[in-house]
Amino acid sequence: MELASGLHAFIWDTPNVNNCNSYLLRSAEKTILVDPGHAAYFDHVRRGLERIDLTPENIDLVICTHAHPDHMEAARLLTGRASPPLLALHAAEWALVQSMAPYLKATMGVALEDFEPDFFLDEGPLQVGDLALIVHHTPGHSPGGVTLYWPEHKALIVGDLVFNGGLGRTDLPGGDGNQLKQSIRRMSEMDAEWLLSGHGQVLSGAAAIKTNFQQVEQTWFNYI
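One point on numbering: in the UniProt record's numbering, the residue at position 123 of the sequence shown is 123, and numbering is uninterrupted.
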């Protein structure tokens, strides 16, 4: 669905199968896909692209908010093309992928080179053609998790940092509860009209987003 001009959400709403929401950022010059999800369920993204008259070949850049397979695995379907899009993630996440290489090979049959990034995401501005984004390093759920902020629409794409009514788990490799709290508090100060999480429904409106951040802290911070 189109949330705002050039901002599309492909929401995963099958509760008994683990996959993530994917987001598309589109301008006159560039198209960015955030979190392509699991390879087995990439048709979910493909159908979303078809609804706006695009194909995977139209994607210029794939950004992964973090390197967990339910957010990143399908990147290999895109980077394996003859003319692939660029792939970007945080350097700390690439280190996590490297540490997971034997697991990925044994369980998914994929090699490390399937996910090798073209560049790393750093804290600060990210200019992709005429798309101007801001990258925030938001560790806690994973060591190199990032949040993308699109000032044009005041959109926060947070991965698994925080959800509508919940927050990311910290019991996976590289998770850290104190870092997660700090990252959530920092993002709660952003001027946001859209909270776009890796799972669950989109949250819109500055007041609703502020309330969600407050409720998440009050409800969950004592448990992490």
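Where is the CB? At the ideal position from N, CA and C, for every residue including glycine.
Buried/exposed call for residue i, threshold 16 Cβ in 10 Å
| i | result |
| --- | --- |
| H172 | In the sequence as displayed, the identity of residue 172 is Leu instead of His. When all chains shown are included, L172 counts as exposed. |
| Q179 | buried |
| residue 265 | Beyond the ends of the chain as shown, which are 1 and 224, falls residue 265; an answer cannot be given. |
| N212 | buried |
| N222 | exposed |
| residue 226 | Beyond the ends of the chain as shown, which are 1 and 224, falls residue 226; an answer cannot be given. |
| D13 | exposed |
| E73 | buried |
| T219 | exposed |
| R76 | buried |
| R26 | buried |
| P102 | exposed |
| S22 | buried |
| P69 | buried |
| P125 | exposed |
| D114 | buried |
| G205 | exposed |
| M1 | exposed |
DSSP-derived helix/strand/coil call for residue i
| i | result |
| --- | --- |
| R169 | coil |
| I32 | strand |
| E189 | coil |
| S22 | strand |
| V216 | helix |
| P15 | coil |
Identified DSSP bridge partners for residue i
| i | result |
| --- | --- |
| L196 | I157 |
| A207 | Paired residue(s): none; A207 is not in a bridge. |
| A111 | Paired residue(s): none; A111 is not in a bridge. |
| L180 | Its beta-bridge partners do not exist; DSSP assigns none. |
| E2 | H8 |
Min CB distance residue i to chain B below 8 Å
| i | result |
| --- | --- |
| G124 | This model lacks chain B altogether, as it is built from one protein chain only. |
Runs of alpha helix (DSSP H) lying entirely within the region 114-167, each at least 4 residues, in chain order | none
Which whole runs of the alpha helix (DSSP H) in the region 37-100 are 4 residues long or more, in chain order?
-> 43-51, 69-72, 75-79, 91-99
Taking 8 Å as the threshold, find out whether the region 126-133 comes into contact with the region 71-84 through three or more Cβ pairs.
-> no
Should the region 140-155 be called in touch with the region 87-102, which here means at least 3 C-beta pairs below 8 Å?
-> yes
Would you check if there are 3 or more beta carbon pairs closer than 8 Å linking the region 182-196 to the region 36-49?
-> No, because fewer than three Cβ pairs between the region 182-196 and the region 36-49 fall closer than 8 Å, the two stretches do not touch.
The region 148-161 contacting the region 48-56, beta-carbon criterion three pairs below 8 Å | no
Check whether the region 152-163 touches the region 195-214, taking contact to mean three or more Cβ pairs, one atom from each stretch, closer than 8 Å.
-> yes
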